[in-house]
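Shown next, in structure tokens, is the structure this report addresses.
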Amino acid sequence: MTVDTVGRFERALEGLEVGLERVSAADASERIERIVEEPAVGAPLPFEGVSLPAGVTTEPTAGDLEAARTGVTPVGFAVAEYGTVAVESTADGAEPISLYPDRHVAVVAESDVVPDLSAGFERLAEGFDAGRDSVVFATGRSATADMGDLVHGVHGPGDVDVIVLEDR
Amino acid sequence: MAQRSRTQTADHIRHLLETEGEAIHAQASHSNERRDATYAATDDIEELRTEARAIKEDAIDRLPDLIETVREAVEANGGTVYVADDAADANAYVADVVETRTEENGVVGETDTPSVVKSKSMTTEEIDLNDALAAEGIDVTETDLGEWVLQVADDTPSHIVGPAMHISRAEIADLFNERFDPDEPFETAAELTQFARDHLGERITEADVGITGANFVVADSGTIALVTNEGNARKCAVTPDTHVAVAGVEKLIPTLSDLEPFVDIIAKSATGQPISQYVTMLSPPTDSPTIDFDSPDEPIVGEGTGDESDSADGTGDPDRDFHLVLLDNGRTDMREDDQLRETLYCIRCGACSNSCANFQSVGGHGFGGETYSGGIATGWEAGVHGQDSAAEFNDLCTGCTNCVDACPVKIDIPWINTVVRDRVNRSDEPEAYDFLVDGLTPDAEEGGLDPGKRFFGNIGTVAKAASATAPVSNWLADAGPIRVALERTLGIDRRRDLPTFQRESLVEWFEGRGGAEASSRRADQAAARGGGADLDREVVCYPDVYTNYVDVERGKAAVRALEALGVPVRVPDLPESGRAALSQGMIATADEQASKLYAAVAEDLDAGRDVVVIEPSDLAAMHREYERLLPEASFERLRENSYEICEYVYGLLENGADPSALSTGDGAEPIAYHSHCQQRTLALEAPTVAVLERCGYAPATADAECCGMAGSFGYKQEYYELSVDVGERLATQVEDAETVVASGTSCGDQLEALLERSVPHPIELLAPGGRRT
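Just so you know, the sequences run in chain order L and S. Terminal number for the first sequence in the working numbering: 428, no gaps in between. Terminal number for the second sequence in the working numbering: 1354, no gaps in between.
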């Protein structure tokens, strides 16, 4: 079931031109390091045994945020059906860190990838009950057709990568 | 009322067709095709639409309670709710928030001018917020790229979702090259977008206040939902420490779970995307740290916030200030109005605009009022800006019903247009030409109705008189001086061919050949030859106005085809259906006609006879509008026992009738078939296609939205050119086919005019001894 769900997630992300990588918690830090383009900023990863690589600045200044090429954040959960990640507005700045840099690297535990939007809303409601009541469903790359043709990376990130932690 | 004259309207429409039509059509039709494909690929789309509709009905019903609920929730979160009665009230409140914020905390950035960044919001367009803030010395920057292009161009939205849809990339490049004088001239969309991102990024980091709209507001958690693709709304909401969300009161929904179907459907209906890039659900003030770009070396995460400002405390970052402005501006009155209430269910996705053939040709600057555009705009404009604003463009809705299947909350948009047209008719002063049509108009309308509308609304009476005096009436009507007079008085464009009235009506022809008794004999003979269906049915063929007096041949073909398949037919002289009156907004007249028609067929229904209708728009009146005009049991009874002619033939063939009793093709004879808009909405295109295939033809259906004629619309002087523009798109699709057939009278008239050859009804092809083009 979970494997199928991640497969579905991966296919949805393919259609959005978003990369997905599966790694074990032990290898996550190294893999993230390979993906990020520096300078990079990040919000702490709450997964056991996973930490951000040294090159990723946490508790960034406004200047760091503005200069960053990559933002790494955990996401509360993901919806396989649409390739959506749920970015929570936490005090450590996950929302602006996922939004300002050109590239967003979203890290999600495999057990938090849910099959469809209904399951996503169940998770959303659980979070609301626990006080996590500001969440962005982000699906793919920022886009606009307002200048006469489809362009990615208009205000939000033009590149997105998702890291799925296989054993979390 | 400062309404445009017919000539002014014609000039305005011609100008839009030339300047904006091409860009609008390219984008709107593309979005419509994508919506159509996404709906088709979504298994539970009907359930989603039904659920979304039910939530809106419930929410509007409970609106006063929901306002109190959201007030409590937002205040518990640490924010403020302000319910604004009207535009001035809302604008003054927002200006006050900006002034208070900058007085207390100083102005961000290098200037002393308070600044605001905004994400796209039609509600703030409705109240002209930007002008009001500018008048208070506040600098406002739109950050949605489309809105920003309009701000730079000093233009107005032409579409509620894609506001700059009418401006091409080349035009944007010219505008920006002139305004911003870049070192290297802008050319591609990527270059323009990059420049906009950098330019607007600076404005966002230096802004004092961020203003957003809201697509939905969840009452019990105080959550605003913003559905966007660019990411600017997220930045406007999260970057400055003060966030103002402006939303109409109708955006309230009760709970978080009610949000789910809307998140699922809004992008599908708007652009055909499965879901939009960003569905931002914020219960502000949020826990996200504020970002002070004036102090680039300060961590955005305040000291100790990691522990103290635990996200579960419910009050958000202490530096944040949030105001939810709920706008009434006429909405409470709309809620009380049985006819306009449905407008409040609208989720502003633009599907009605994209699916509309007239909109695709002229865009929102033609098919729109002060703020809103497209089919639903008639309801919005009548409700928030008043009937005069709706009256300017309401006639552009031809009642084709293409939007009915597109609307994600199943609003009967054509009905809202009919109702507002009726109200506009009643509010006009009587005109000088009333005497011309008075004698022809046994309608239930009060004086003051536009004479042209009155003429077309009473077309049955006109047709009867013209038929009785044919061919003299036809010669007279075609005479030059008469055409000039018809144009001046009734607005009938002199470039349009007038219908040719037949001296012998269908009813007279039918009686002349022996009436019901003879028909019964013919049907029995056909059955004896083995062509009949295994059904014991009897048909009342409805002689609609055009079939009875103008296009009599298709009526004869229908009678012959039914008899050949073993079904006896009656063609009684029946009252008008009310379709013509409805299309002119004459609801009282239509209501009377519906009652008369039902009374006239009640006995046939009781006798178990089926009502078969040739003209799709008349069948659509019986199947759709009669629900509002007849008692429920009468409506259901007529609906269940009335059929479109080819649908009925299909049923006979499915029940054993022999197609060889009809005129059949060689198995692969290609023909182009244009169904009728209302026929498509009734899901009755497929049976005609199936019948043609069963009878040895290879029909190809046109996917153009509409023929553009729409009954009387294409006759009207002010809309003639628009009608032809829409019709040309269809004509181009079918012109290569040797045989072209169309189900609607006016569809056939338009195609005959544009293709300069005969375009019969499919039943004329199929009837024994059928006619070839």
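A virtual CB, placed ideally from N, CA and C, is assigned to each residue, including glycine.
Looking at the C-beta of S/Pro877, does it have a partner C-beta in chain L at a distance below 8 Å?
-> In the second sequence, residue 877 of chain S corresponds to position 296, counting from 1. Interface annotation, S/Pro877: in contact with chain L, CB-CB separation under 8 Å.
Any idea if S/Gln1259 is buried or exposed, counting beta-carbon neighbours within 10 angstroms, 16 or more meaning buried?
-> Within the second sequence, residue 1259 of chain S is the residue found at index 678, counting from 1. Buried, because 16 or more other Cβ atoms sit within 10 Å of the Cβ of S/Gln1259.
In the DSSP assignment, find the alpha helix (DSSP H) that holds S/Ile847 and state where it starts and stops.
-> The residue you call residue 847 of chain S lines up with position 266 of the second sequence. For S/Ile847, the uninterrupted alpha helix (DSSP H) segment begins and ends at 837 to 851.
Report the rounded CA-to-CA distance for S/Thr590 versus S/Tyr1301, giving the unit in angstroms.
-> To locate residue 590 of chain S, count along the second sequence from 1; it is residue 9. To locate residue 1301 of chain S, count along the second sequence from 1; it is residue 720. Near 11 Å, if we compare the C-alpha coordinates of S/Tyr1301 and S/Thr590.
Three-way DSSP call (helix, strand, coil) for S/Ser1176 in this model = Taking the first residue of the second sequence as position 1, residue 1176 of chain S is located at position 595. Reduced to three states, the DSSP call for S/Ser1176 is helix.
CB contact flag (L/Pro356, S/Ile785, <8 Å) = Looking up residue 356 of chain L in the first sequence gives position 96. Looking up residue 785 of chain S in the second sequence gives position 204. No, Cβ-Cβ distance for L/Pro356 and S/Ile785 is not below 8 Å.
In chain order, what residues of the segment 800 to 815 of chain S put their CB closer than 7 Å to some CB of chain L?
-> Of all residues in the segment 800 to 815 of chain S, only Ser802, Thr804, Asn810, Glu811, Gly812, Asn813, Arg815 place a beta-carbon less than 7 Å from a beta-carbon of chain L.
In the DSSP assignment, what are the bridge partners of L/Arg363?
-> As a first step, residue 363 of chain L must be located in the first sequence, where it is residue number 103. Looking at the DSSP output, L/Arg363 sits in a beta bridge with L/Thr330, L/Asp419.
From which residue to which residue does the beta strand (DSSP E) around S/Tyr1254 run?
-> Position 673 of the second sequence, counted from the first residue, corresponds to residue 1254 of chain S. Per DSSP, S/Tyr1254 belongs to the beta strand (DSSP E) from 1250 to 1255.
Find out if the Cβ-Cβ distance for the pair L/Arg291, L/Ser371 is shorter than 8 Å.
-> Mapped onto the first sequence, residue 291 of chain L falls at position 31. Mapped onto the first sequence, residue 371 of chain L falls at position 111. Contact: no.
At 7 Å on the CB atoms, spell out the chain S contacts of L/Ala322, in chain order.
-> Locating residue 322 of chain L in the first sequence gives position 62, counting from the first residue. Chain S residues near L/Ala322: Ile872, Asp873, Phe874, Ser876, Pro877, Glu879, Ile881.
Does DSSP classify S/Arg595 as helix, strand or coil?
-> Locating residue 595 of chain S in the second sequence gives position 14, counting from the first residue. The answer is helix: DSSP assigns S/Arg595 an H, G or I state.
How about S/Asn1222 and S/Leu1116: are their beta carbons less than 8 Å apart?
-> The residue labelled residue 1222 of chain S in the question sits at position 641 within the second sequence. The residue labelled residue 1116 of chain S in the question sits at position 535 within the second sequence. No, these two residues do not count as a Cβ contact at 8 Å.
Check the C-beta distance from S/Thr809 over to S/Ser700 and give it rounded, since I have them as a contact under 8 Å.
-> As a first step, residue 809 of chain S is located in the second sequence; it is residue number 228 there, counting from the start. As a first step, residue 700 of chain S is located in the second sequence; it is residue number 119 there, counting from the start. Indeed they touch by this definition, with Cβ atoms about 7 Å apart.
Use the C-beta contact count for S/Leu1365: other C-beta atoms within 10 angstroms, 16 or more gives buried, fewer gives exposed.
-> Not covered by the structure: residue 1365 of chain S. The range shown for chain S is 582 to 1354.
Proximity test, Cβ basis, 8 Å: S/Ile753 and chain L | In the second sequence, the residue the question calls residue 753 of chain S occupies position 172. With respect to chain L, the C-beta atom of S/Ile753 has a partner C-beta closer than 8 Å.
Using a beta-carbon distance cut-off of less than 8 Å, what residues from the segment 390 to 401 of chain L approach chain S?
-> Against chain S - using a Cβ distance shorter than 8 Å - the residues of the segment 390 to 401 of chain L are Ala390, Gly391, Arg392, Asp393, Ser394, Val395, Val396, Phe397, Ala398, Thr399, Gly400, Arg401.
Please list the residues of the segment 613 to 644 of chain S that have a C-beta atom closer than 7 Å to any C-beta atom in chain L, keeping them in chain order.
-> Interface annotation for the segment 613 to 644 of chain S against chain L: empty, criterion Cβ-Cβ distance under 7 Å.
Neighbour list for S/Ala841 in chain L, Cβ cutoff strictly below 9 Å = Here residue 841 of chain S refers to the residue found at position 260 of the second sequence. Residue identity check: residue 841 of chain S is Glu in the sequence provided, not Ala. Chain L residues near S/Glu841: Leu377, Ser378, Gly380, Phe381, Leu384.
What's the C-alpha gap between S/Asp1078 and S/Val662?
-> Looking up residue 1078 of chain S in the second sequence gives position 497. Looking up residue 662 of chain S in the second sequence gives position 81. Straight-line Cα distance between these residues: approximately 59 Å.
Quickly, what does DSSP pair S/Val1120 with across the bridge? List them, please.
-> Indexing the second sequence from 1 puts residue 1120 of chain S at position 539. Bridge partners of S/Val1120 according to DSSP: S/Val1150, S/Asp1191.
Would you say S/Arg585 reaches chain L, if we count a Cβ-Cβ gap shorter than 8 Å as a contact?
-> Sequence index remark: in the second sequence, residue 585 of chain S carries index 4 (1-based). By this cut-off, S/Arg585 is not an interface position.
Which residue from S/Ile594, S/Asp762, S/Lys991, S/Asp1105 puts its Cα closest to that of S/Leu629?
-> Position 48 of the second sequence, counted from the start, is the residue given in the question as residue 629 of chain S. Minimum Cα distance to S/Leu629 is reached at S/Lys991.
Just curious, the beta strand (DSSP E) that S/Tyr859 is in, first and last residue?
-> Residue mapping note: residue 859 of chain S aligns to position 278 of the second sequence, counting from 1. It spans 859 to 863 - the beta strand (DSSP E) in which S/Tyr859 sits, taken as one unbroken run.
What residues in its chain sit with their C-beta under 7 Å from that of S/Glu884, if we drop five residues either side in the sequence?
-> Locating residue 884 of chain S in the second sequence gives position 303, where the first residue counts as 1. Only weak support exists for where S/Glu884 lies, its pLDDT of 48 falling under 50; the coordinates are left without a value.
Since S/Thr774 meets chain L, which of its residues come closer than 7 Å, beta carbon to beta carbon?
-> On the second sequence, residue 774 of chain S is found 193 positions in, with the first residue counted as 1. Per Cβ cutoff of 7 Å: Thr404, Met407, Val411, Val414.
For chain L, find out if any of its Cβ atoms is closer than 8 Å to the Cβ of S/Leu837; answer yes or no.
-> The sequence position of residue 837 of chain S within the second sequence is 256, counting from 1. Yes, S/Leu837 counts as interfacial toward chain L.
What does S/Ala771 touch in chain L if you count any residue whose Cβ is under 7 Å from its own?
-> Walking along the second sequence from the start, residue 771 of chain S turns up at place 190. Near S/Ala771 (Cβ distances below 7 Å), the residues of chain L are Val411.
Just the Cα atoms here: how many angstroms apart are S/Asp873 and S/Glu627?
-> Your numbering for residue 873 of chain S matches position 292 in the second sequence. Your numbering for residue 627 of chain S matches position 46 in the second sequence. Cα to Cα, the separation comes out at about 47 Å.
Buried/exposed call for S/Ala1109, threshold 16 Cβ in 10 Å | Position 528 of the second sequence, counted from the first residue, corresponds to residue 1109 of chain S. Under a 10 Å Cβ-count criterion, S/Ala1109 is classified as exposed, with fewer than 16 other Cβ atoms of the shown protein chains found around its own Cβ.
Just confirm the distance between the C-beta atoms of S/Ser802 and S/Ala654, as a whole number of angstroms; I'd bet it's less than 8 Å.
-> Taking the first residue of the second sequence as 1, we reach residue 802 of chain S at position 221. Taking the first residue of the second sequence as 1, we reach residue 654 of chain S at position 73. Sure, about 6 Å apart at Cβ, within 8 Å.
Report the three-state DSSP secondary structure of S/Gly960 (helix, strand or coil).
-> Within the second sequence, residue 960 of chain S is the residue found at index 379, counting from 1. Note: S/Gly960 maps to helix in three-state DSSP.
Whose C-beta lies closer than 7 Å to the C-beta of S/Leu598 among residues of the same chain, with five residues either side of it excluded?
-> Indexing the second sequence from 1 puts residue 598 of chain S at position 17. These residues qualify, in order along the chain: Ser942, Val943, Glu1302, Leu1303, Asp1306.
Distance, S/Arg643 Cα to S/Ala800 Cα | Start at 1 with the first residue of the second sequence, and residue 800 of chain S comes out as number 219. Start at 1 with the first residue of the second sequence, and residue 643 of chain S comes out as number 62. Spanning the two alpha carbons is a distance of roughly 11 Å.
L/Glu326 versus chain S: which residues are under 8 Å apart at the beta carbon?
-> Locating residue 326 of chain L in the first sequence gives position 66, counting from the first residue. Under the 8 Å cutoff, chain S gives Thr786, Phe874, Pro877.
L/Pro356: contacting residues in chain S (beta-carbon distance under 9 Å) | Stepping through the first sequence from its first residue, residue 356 of chain L is reached at position 96. Going along chain S in sequence order, the residues near L/Pro356 (Cβ under 9 Å) are Arg815, Lys816, Val819, Thr820, Ser869, Pro870, Ile872, Ile881.
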